[in-house]
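One line per chain: the protein sequences are A and B, in this order.
With the first letter of the first sequence counted as 1, position 214 gets the number 214 in our numbering; the numbers rise by one all the way through.
With the first letter of the second sequence counted as 1, position 162 gets the number 162 in our numbering; the numbers rise by one all the way through.
Yeah, the Cβ is synthetic: ideal placement off N, Cα and C, and Gly gets one too.
Only a predicted model underlies this, so the values are computations on that prediction, with no experimental measurement involved.
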Amino acid sequence: MPYGVKLKGLGGNDMKEFAFLPKTRDAIIASAEAKDVDGEFIINQKAKALHPDYQALTVREIIDHVDAKTYILGNEDGSPVAYFKAGQYLSLQFIIDNSIITRPYSISSSPQWSLLGKYAVTIRRNPGGFAADKIIDTLRTGDKVIASAPEGSFFYDPIRDGKSVIALAGGSGITPFLSMAYAIRDGIEDFNLTIIYGSRDDKSILFKDELKSITNDCAKVKVVHVLSEETRDDCESGFITAELISKYLPSNGTCSIFMCGPEAMYNFVGKEVEKLGIDNKFIRKELQSVTKDVASQPGYPADCKDQVYNVKLIRGNAVYEFSASANEPVLVAIERAGIAAPSRCRCGECGWCRSKLLKGNVFIPEGTDGRRKADKDYGYIHPCASFPVSDIEIEVPGVYTE
Amino acid sequence: MKKYDYIVVGAGLAGLAASVELALAQKKVLLIEQHNLPGGCSSSFVRGRFEFDPSLHELCGVGPESDPGEVRAMFDRYGIKIDWKRVDDCFRVITEDSDGNPMDVTMPAGRDAFIEKLDSYVPGYRDKIENLFRLFDEVNDGIAYVSRPKYSLPKVMIKYTDLLKVGAKKVDEVFDALELPQKIRDILSTYWSYLGVSLDSLSFAHYASMVSNYIAKGAYIPAKTSHEISVALAEKFRELGGQMIFNCRAESFIFEGDKCAGVNTTLGEFRADCVLANINPDIIYGKMMDQSLIPEREKKLSNARNRQFGGRMFTCYLGLNKTAEELGIKDYSIFMSSYADSVKEYNSLKKIDTNKYSIFLCYNVANPGFSPEGTCVCSFTKMYTSAEDWEKLSAADYFAMKERIAKEMIAQLKDKAGIDLEPYIEEISIASPWTFARYLNAPEGAVYGYETRDWDDIMSRNMSLATDYPIKGLIPIGTAGPRGDGYSSALYCGYQLASIAMSKEGK
Chain A
1 MPYGVKLKGL GGNDMKEFAF LPKTRDAIIA SAEAKDVDGE FIINQKAKAL HPDYQALTVR
61 EIIDHVDAKT YILGNEDGSP VAYFKAGQYL SLQFIIDNSI ITRPYSISSS PQWSLLGKYA
121 VTIRRNPGGF AADKIIDTLR TGDKVIASAP EGSFFYDPIR DGKSVIALAG GSGITPFLSM
181 AYAIRDGIED FNLTIIYGSR DDKSILFKDE LKSITNDCAK VKVVHVLSEE TRDDCESGFI
241 TAELISKYLP SNGTCSIFMC GPEAMYNFVG KEVEKLGIDN KFIRKELQSV TKDVASQPGY
301 PADCKDQVYN VKLIRGNAVY EFSASANEPV LVAIERAGIA APSRCRCGEC GWCRSKLLKG
361 NVFIPEGTDG RRKADKDYGY IHPCASFPVS DIEIEVPGVY TE
Chain B
1 MKKYDYIVVG AGLAGLAASV ELALAQKKVL LIEQHNLPGG CSSSFVRGRF EFDPSLHELC
61 GVGPESDPGE VRAMFDRYGI KIDWKRVDDC FRVITEDSDG NPMDVTMPAG RDAFIEKLDS
121 YVPGYRDKIE NLFRLFDEVN DGIAYVSRPK YSLPKVMIKY TDLLKVGAKK VDEVFDALEL
181 PQKIRDILST YWSYLGVSLD SLSFAHYASM VSNYIAKGAY IPAKTSHEIS VALAEKFREL
241 GGQMIFNCRA ESFIFEGDKC AGVNTTLGEF RADCVLANIN PDIIYGKMMD QSLIPEREKK
301 LSNARNRQFG GRMFTCYLGL NKTAEELGIK DYSIFMSSYA DSVKEYNSLK KIDTNKYSIF
361 LCYNVANPGF SPEGTCVCSF TKMYTSAEDW EKLSAADYFA MKERIAKEMI AQLKDKAGID
421 LEPYIEEISI ASPWTFARYL NAPEGAVYGY ETRDWDDIMS RNMSLATDYP IKGLIPIGTA
481 GPRGDGYSSA LYCGYQLASI AMSKEGK
């Protein structure tokens with residue numbers, strides 16, 4: 001007895017039982033029904049409905065604003081679209097001049113609407129940009145649009161965030177907050193929301209009437225318009241400063257600051273928010289894009305600015321070669337070359353465009369480097385937030401909707 | 001059309017290990033993955049300045065460099081370097097013992113330290129405890145011996161008699177035979193949830209190999225989340241000439257007669273001599289091939305298993321703006337449950353309202369550099385032993401339900417261990433069985449596959465290898481396989497079934 005184990009009451013019969021395990025198993029299997037195997041599972045179906053690979057939607061209605069349009073997208077038969085948390089975005093896919101491009105847009109409608117089969121998104125003109133103006137000029141009612149599932153983590157979390165939220169919005173950055181306001185009005189979310197919304201003048205305020213109607217119906221939502229180029233009695237004037245925000249901070253209870261707007265807004269308002277001395281965990285930003293001025297980023301190799309580099313791209317068995325501007329993310333060069341590549345958030349965060357850099361170097365601004373630690377070790381990059389600083393060779397994954 | 005020797009569907013750990021094994025054997029291999037990165041459960045995600053591990057608590061089978069376990073040995077053989085961090089304690093458990101009294105016990109790693117502590121909690125049974133550890137040794141040594149390509153049955157009969165006696169036995173039956181007092185059983189039962197089957201139905205040998213491995217060799221985590229493991233395996237596979245395609249979902253299997261000859265995917269058709277599918281057999285048979293091609297025994301096997309899946313997980317991930325020390329966190333893992341009795345606890349985990357189970361974990365206790373300075377990352381995990389409540393839930397109620405359960409778990413830690421996390425939560429993310437179903441396509445989001453219980457426990461599965469894979473050219477791998485669930489099991493399963501696939505081809 002090398003091990004000297006004492007087992008009370010176990011013996012020869014138990015050894016026999018062990019030897020017979022496969023036979024016992026066989027007998028149980030043999031006695032089961034040979035009916036067809038059912039591969040459908042309710043939980044999986046519900047997960048798929050909440051997070052589809054993509055949604056094929058139709059433009060049902062277009063609403064005009066000053067230099068922007070709101071598109072009502074949905075299922076033609078009114079069946080539900082994927083439910084979401086107010087603040088999330090859809091990544092929409094368009095084909096423009098033979099280029100397949102995707103752009104993220106915050107959903108501006110209430111989550112309630114998704115049960116009725118529709119979303120609203122707003123696209124603002126962006127003169128000189130690659131996509132926005134072309135989309136606005138070409139997209140018509142009845143057109144098909146491929147959308148992602150609702151994505152992103154810019155939403156209110158009652159466990160993490162303050163009891164009140166001050167939302168700082170600039171331009172089309174109002175859209176996620178409009179959705180949050182609807183969600184509060186509709187009883188889906190429960191927090192106090194004060195939206196401080198910066199616009200140039202009264203006529204360029206997006207959703208003025210909608211916001212007014214929500215604040216009339218729901219005491220938990222307040223809206224403060226801040227106009228930079230016009231003075232009115234019912235609005236604040238100037239810019240969103242620390243002093244202005246302080247006026248609306250709640251006197252008691254925790255408060256979070258949410259921000260959404262263009263890069264220029266963050267450059268200014270971000271510094272104002274810092275002056276408030278609020279704990280960082282209560283400050284959240286939704287970036288609409290990576291920097292438009294990469295050369296100004298700390299650590300950027302100055303002599304790369306304005307250069308043009310060669311890109312060799314591998315996707316499955318296909319190889320493509322094209323050029324890329326040092327001033328734009330690699331993903332934009334891929335899109336300009338007409339190649340479908342995965343993209344969602346377009347600000348380095350979500351990792352959906354994760355690709356392998358096989359050769360060459362890229363510059364990744366620190367503030368939008370959302371890569372996994374181990375990915376950094378093995379040369380993976382997020383092309384949406386990586387700028388070429390040499391000729392590069394890159395391998396990208398496929399796209400589901402092809 | 002390029003034809004491969006093997007196609008591996010699914011780059012979870014089993015698929016990755018199988019791919020590397022096949023590529024090492026000079027096979028032409030295609031690995032396809034529905035997601036945009038490798039790993040399946042073994043992955044990570046980033047929120048703000050934090051990176052979270054979606055599923056790993058701790059790996060069994062790594063062991064120190066001086067005494068490598070099978071996982072470390074496997075990675076050494078592949079030439080893969082992982083920065084392993086040791087977890088110093090086994091667990092702390094806060095529950096109610098079988099007499100109905102509160103129980104709060106902290107167990108260290110290391111065989112001698114564990115025995116010492118057990119003896120101090122329940123004095124007077126040192127001989128029984130040592131008897132149990134001798135049995136652990138015999139079972140482990142015996143299984144290692146019979147796992148060799150050649151072994152002598154007479155030697156097994158003489159040297160490993162007790163393994164033969166307990167081979168068919170459940171944990172509770174063997175604890176009876178060892179005459180362990182209830183208080184010791186209450187402590188030893190803590191790890192049951194890592195396998196998801198209550199101890200009246202779980203193979204003793206299965207439990208013994210895991211528990212004794214954790215105690216003797218210690219538990220480990222990779223320094224840079226479990227994505228570090230997956231990306232290292234994937235890169236090794238590429239280096240060996242393997243081809244890997246992401247965002248490519250297998251939709252159905254291609255058959256030529258009764259032999260599987262390839263896969264139809266969202267990116268087109270791929271052909272091979274043999275396909276290893278890291279997919280649950282219910283999905284393969286129910287959705288991905290013609291029912292008439294399924295052998296009768298396999299249909300009966302699926303029906304006999306009757307959708308009894310394990311590990312419908314719910315996890316709340318927290319990035320905190322204070323260090324573990326500042327928050328008063330000393331333990332790597334705290335198991336909080338209603339009952340030490342695994343049968344009672346298993347039954348309480350069926351419903352959302354009665355499920356009070358939760359494992360709290362702080363990665364920084366084992367790896368201080370896990371998150372940025374001044375912060376730490378924690379998680380709470382529970383599992384559901386029935387799908388029912390998660391099937392009934394509607395999308396509109398889904399987010400509020402996740403928040404409710406997460407709040408309960410955070411409050412439970414404050415109540416039971418005096419640790420208040422709530423004011424320091426900078427990032428939070430919550431995954432439910434729906435989330436795991438979404439990312440993994442596992443039935444019901446159950447990451448453990450079919451429960452390894454009763455007639456379908458891992459002893460029975462391993463002894464049925466000759467009859468369990470009857471379809472030519474198609475071998476399901478993963479948690480439904482001979483090793484069941486868990487990181488080390490999945491890795492070993494990939495290795496084992498790739499070897500079986502190659503030996504079948506050899507004939």
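- In this structure, the alpha-carbon of residue 291 of chain A lies about 11 Å from that of residue 386 of chain A.
- Under the DSSP assignment, residue 320 of chain B falls in the beta strand (DSSP E) whose first and last residues are 312-320.
- Sixteen is the threshold: when 16 or more other Cβ atoms of the shown chains lie within 10 Å of the Cβ of residue 318 of chain B, as they do, the residue is buried.
- Nearest to residue 275 of chain B by C-alpha distance, out of B:263, B:137, B:283 and B:307, is B:263.
- Residue 502 of chain B sits in a helix when the DSSP states are folded into three classes.
- The beta carbon of residue 372 of chain A falls within 8 Å of a beta carbon belonging to chain B, placing the residue at that interface.
- Neighbours of residue 15 of chain A in chain B, taken as residues whose beta carbon is under 9 Å from its own, are 157, 161, 164, 165, 167 and 168 in chain order.
- Chain-order list of chain A residues neighbouring residue 50 of chain B: empty, with the shortest C-beta distance near 11 Å, by a criterion of under 8 Å.
- Around the CB of residue 151 of chain B, fewer than 16 other CB atoms lie within 10 Å, so the residue is classed as exposed.
- DSSP places residue 185 of chain B inside the alpha helix (DSSP H), whose first and last residues are 182-188.
- A residue is called buried once 16 or more other Cβ atoms fall within 10 Å of its Cβ, and residue 46 of chain A is buried on that count.
- Cβ contact annotation for residue 124 of chain A (same chain, cutoff 7 Å, sequence separation greater than five): 67, 68, 132, 171 and 172, in chain order.
- Look at the stretch 239-251 of chain B: the residues with a C-beta under 7 Å from a C-beta of chain A are 245, 246, 247 and 248.
- By the rule that beta-carbons nearer than 8 Å mark a contact, residue 71 of chain B does not touch chain A.
- Neighbours of residue 179 of chain B in chain A, taken as residues whose beta carbon is under 7 Å from its own, are 8 in chain order.
- Around the beta carbon of residue 414 of chain B, a 10 Å sphere encloses fewer than 16 other beta carbons of the protein chains shown; the residue is thus reported as exposed.
- For residue 120 of chain A, the enclosing beta strand (DSSP E) stretches over residues 118-124.
- Counting along the chain, the unbroken beta strand (DSSP E) around residue 84 of chain B starts and ends at 84-87.
- DSSP, reduced to helix, strand and coil, places residue 384 of chain A within a helical segment of the structure shown.
- Distance from the CA atom of residue 333 of chain A to the CA atom of residue 151 of chain A, rounded to whole angstroms, is 24 Å.
- The straight-line gap separating the alpha-carbon atoms of residue 183 of chain A and residue 111 of chain A is approximately 6 Å.
- Of all residues in the stretch 18-41 of chain A, only 18, 19, 20, 21, 22, 24, 25, 26, 27, 28, 29, 30, 31, 32, 33, 34, 35, 36, 37, 38, 39, 40 and 41 come within less than 9 Å of chain B when Cβ atoms are compared, listed by chain position.
- Leaving aside the five residues that flank residue 122 of chain A on each side, the residues in its chain whose CB is nearer than 6 Å to its CB run, in chain order, 68, 70, 108, 172 and 175.
- Interface flag for residue 299 of chain B against chain A is set, since a Cβ pair is found closer than 8 Å.
- The three-state reading of DSSP puts residue 297 of chain A in coil, since its state is none of H, G, I, E or B.
- Measuring C-alpha to C-alpha distances from residue 16 of chain B to each of B:478, B:502 and B:482 identifies B:478 as the nearest.
- Residue 311 of chain A and residue 360 of chain A have their C-alpha atoms some 9 Å from each other.
- Judged by beta-carbon spacing, residue 354 of chain A lies within the 8 Å limit of residue 380 of chain A, meaning their Cβ atoms are closer than that value.
- Considering only A:200, A:166 and A:271, the residue with the shortest C-alpha distance to residue 220 of chain A is A:166.
- Taking residue 273 of chain B as reference, the option from B:13, B:37, B:18 and B:501 with the minimal CA-CA separation is B:501.
- Interface flag for residue 306 of chain A against chain B is unset, since no Cβ pair is found closer than 8 Å.
- Boundaries of the alpha helix (DSSP H) around residue 303 of chain B: 296-305.
- Using a Cβ-Cβ cut-off of 8 Å, residue 398 of chain B counts as an interface residue toward chain A, since at least one Cβ of chain A sits closer than that to its own.
- Contact note: residue 5 of chain A reaches chain B through 131, 134, 135, 138 and 162, using a C-beta cutoff of 7 Å and chain order.
- Collapsing the DSSP output to three states places residue 149 of chain A in coil.
- In the structure shown, the three-state DSSP call for residue 243 of chain B is strand.
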